[in-house]
Amino acid sequence: MEYGETISKIQTEKNIPVKDLCHDFMSKSTYSRFVNGESDTTTTVFFHLLEQLHISSKEFFFIKNDYSLDNQESYLLEISSSSSNRDTSTLYRLKKECDLQSKRKNDTFHHLSAICFLHICRIKNKKYDVVCQNDIKNYLLGVASWSRYEIVLFNSVMFIFDLDFIEKILPRLLRNVSKYKKIIDFTSDNFGILLNIYTLYLMQKKLDKALYILKKIKSLDIPELFVRERLYLNFLKGINQLLLYEDSSGFIKITDTLNTCNFLNLTSQKSMLVSFYNTISTVYKLPNLNNAF
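The numbering of the sequence shown is this note's numbering, which starts it at 365 and goes up by one.
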């Protein structure tokens, strides 16, 4: 749907009179031309219409896209699913589709294509494509203040970054997390990226830096509705107690988290947490989880 058509659809379905919608911002004839695709409108008037319709810009674009995610979100979900399933044939198809839609370097589809190819390299255990790697690295380094787009891009291919690169971009990343942590839509993305960095530091035996990142994770003040993130945080606290303080209550915290996953039937989350624990156990001498289940 076009912008005006979407506005008209929402107005009709909410049964809001056109005169209330237009108010002093535009005439009925101007509104009619806009919703019929005969003219455009200003940004100010557009956001006024959204306000009068009591709808957010995010929800507006969801409706405009026929109640579907936008292309970027849809592709990211399919890339993530294909990568988890090690489905390189689908990743090749997605890469080709993104290449066809890319208009220039560093547009969204250019980045999505690079993400696909880097995941293909990872799955096939091949050296990461240098061009794709450098395109994403240089783009991220060139952005002084990150938005959600950069957070998601970084998180999508974090496996290509070495510790030096992480150290280089960490200050701006943490500034972004601090600025956006009150927006609930950013909670999962912020948590995910900090979790990945925390894991990286643990694997490199940089416990002081891992503890620093854990403090940043705790500062997110995760709402109750984010069950997965709260479970992970409790799990991380247990890991922290085991590694830094050799406190056996940390292991109890870990097993309690896994038992909660069992109770809530969160099988995939439990599997991921167990995998995470086993990965950390390859570096540190931790109690064997098999004895607890």
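Heads up, the beta-carbon is just placed ideally off N, CA and C, and yes, glycines get one too.
Exercise. Would you kindly work out how many angstroms separate the C-alpha atoms of I547 and R512, rounded to a whole number?
Key: Each residue's alpha carbon lies about 11 Å from the other.
Quiz item: In chain order, which alpha helix (DSSP H) runs of at least 4 residues are fully inside the stretch 616 to 651?
Solution: 631 to 645
Quiz prompt | Beta-carbon spacing of T621, N598 below 7 Å | solution = yes
Quiz item: Taking the alpha-carbon positions, what's the K569 to L441 distance?
Solution: 32 Å
Exercise. Could you name the residues of the same chain whose beta carbon sits closer than 7 Å to that of I374, not counting the 5 residues immediately before and after it, in chain order?
Key: L417, I419 and I427
Quiz prompt | Delimiting residues of the alpha helix (DSSP H) encompassing T674 | solution = In the structure as shown, the chain begins at 365 and stops at 657. Residue 674 is therefore absent and cannot be evaluated.
Exercise. Under 8 Å by Cβ, that's how I've got I586 and E593 pegged, so tell me the actual separation to the nearest angstrom.
Key: 5 Å
Quiz item: Under the three-state reduction of DSSP, which class applies to Q375: helix, strand or coil?
Solution: Q375 carries a helical assignment under DSSP once its states are collapsed to helix, strand and coil.
Practice problem: Would you kindly report the start and end of the unbroken alpha helix (DSSP H) that includes E402? | Solution: It is not in any alpha helix (DSSP H) - E402 carries neither H nor E in the DSSP assignment.
Practice problem: Give me the Cα-Cα distance between I662 and H483, rounded to the nearest whole angstrom. | Solution: The requested residue 662 is not part of the displayed model; the chain covers only 365 to 657.
Quiz prompt | Where L334 falls: helix, strand or coil (DSSP) | solution = Nothing can be reported for residue 334: it is not among the residues displayed for the chain, which extend from 365 to 657.
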